[in-house]
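Student: In the numbering used here, the protein residues as written are 653 to 942.
Here it is, the structure in full.
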């Protein structure tokens, strides 16, 4: 019985995409730290626990539901053919039930901080499942653009957990995540263009040629950089310098992709974009604390 439970738990962890959740948690933690009035107030840090646990559960629940929704499409894609839902280890009904349970639980845990935190946790889940997975993803290349609001909600939830507020600082942090999302996922979609085409998922790189896709990735990231730099208003010149350096590296990969719009270059661009956002967020946390 314990072996069966262990295997099932492992299946759900895989479906929940822990790497994606870790980046969402980083965004939430950044929001939390930026929202603190006094970072030295030890008691204030207690409130980071509900938002991280609640947000992780709700985000994981959304991704598990996504796995249930996309079984037939995932079967056609080499990148997703390993998923437990495709192999029949987790049924569609199971995925829905567990995903909804995790989302409700995560949203309820957010209430331990405040109502605003809980609402943003719920918003992230609803945008990912209803807006992105069900409505936009099968229909339009705008899917990942608008779907990026799910990541923004994680940052807003973190900020609300420590401040019980939503202001310009919180908004701009969320918009940074929002603006980062298209370039990141279009790089992935260009790398696995054939997979997405086979599954008839209208990601931008499926609908246009490789050169146009590379241009869209570069333009998206160029538009994102001012949002990253805006946080210098709160974090100072050191943040600005570090962000400018890593943004230049990101654009270097994008321009290499423009010159040579191949799957390998798209993969290199994608592989740098996650660390890029993580580094920017980590620098923001460290500079606010010190």
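For every residue, glycine included, the Cβ atom is placed at its ideal position computed from N, Cα and C.
Could you tell me the distance, in whole angstroms, from the CA atom of residue 770 to the CA atom of residue 778?
Tutor: 12 angstroms
Student: Is DSSP giving residue 776 helix, strand or coil here?
Tutor: helix
Student: Kindly confirm or deny that the stretch 893-900 and the stretch 868-885 touch, where touching means at least three C-beta pairs closer than 8 angstroms.
Tutor: Verdict: yes, contact present.
Student: So, at 8 angstroms on beta carbons, what are the nonlocal neighbours of residue 872 in its own chain, with the 5 sequence-adjacent residues on each side left out?
Tutor: 831, 834, 835 and 838
Student: Under 7 angstroms Cβ to Cβ from residue 877, same chain only, skipping five residues before and after it: list those, please.
Tutor: Counting only Cβ-Cβ distances below 7 angstroms, and skipping sequence neighbours, we find 899.
Student: Helix, strand or coil: which one does DSSP assign to residue 923?
Tutor: helix
Student: Please report how far the alpha carbon of residue 922 lies from the alpha carbon of residue 683, in whole angstroms.
Tutor: 24 angstroms
Student: Count the other CB atoms within 10 Å of the CB of residue 718; is the residue buried (16 or more) or exposed (fewer)?
Tutor: buried
Student: Note down the Cα distance separating residue 908 from residue 917, rounded to an integer number of angstroms.
Tutor: For residue 908 and residue 917, the gap between their C-alpha atoms comes out near 7 angstroms.
Student: With a CB to CB cut of under 6 angstroms and the five nearest residues on each side skipped, what residues in its chain are close to residue 706?
Tutor: For residue 706, where only same-chain residues beyond five positions count, the Cβ hits under 6 angstroms are 758, 761, 762 and 773.
Student: What do you get for residue 671, buried or exposed, if any count of 16 or more other CB atoms within 10 angstroms of its CB means buried?
Tutor: exposed
Student: Give me the Cα-Cα distance between residue 788 and residue 794, rounded to the nearest whole angstrom.
Tutor: 7 angstroms
Student: Output the boundary residues of the alpha helix (DSSP H) element that contains residue 867.
Tutor: That run of the alpha helix (DSSP H) goes 862-882.
Student: According to the Cβ coordinates, are residue 768 and residue 812 closer than 9 angstroms?
Tutor: yes
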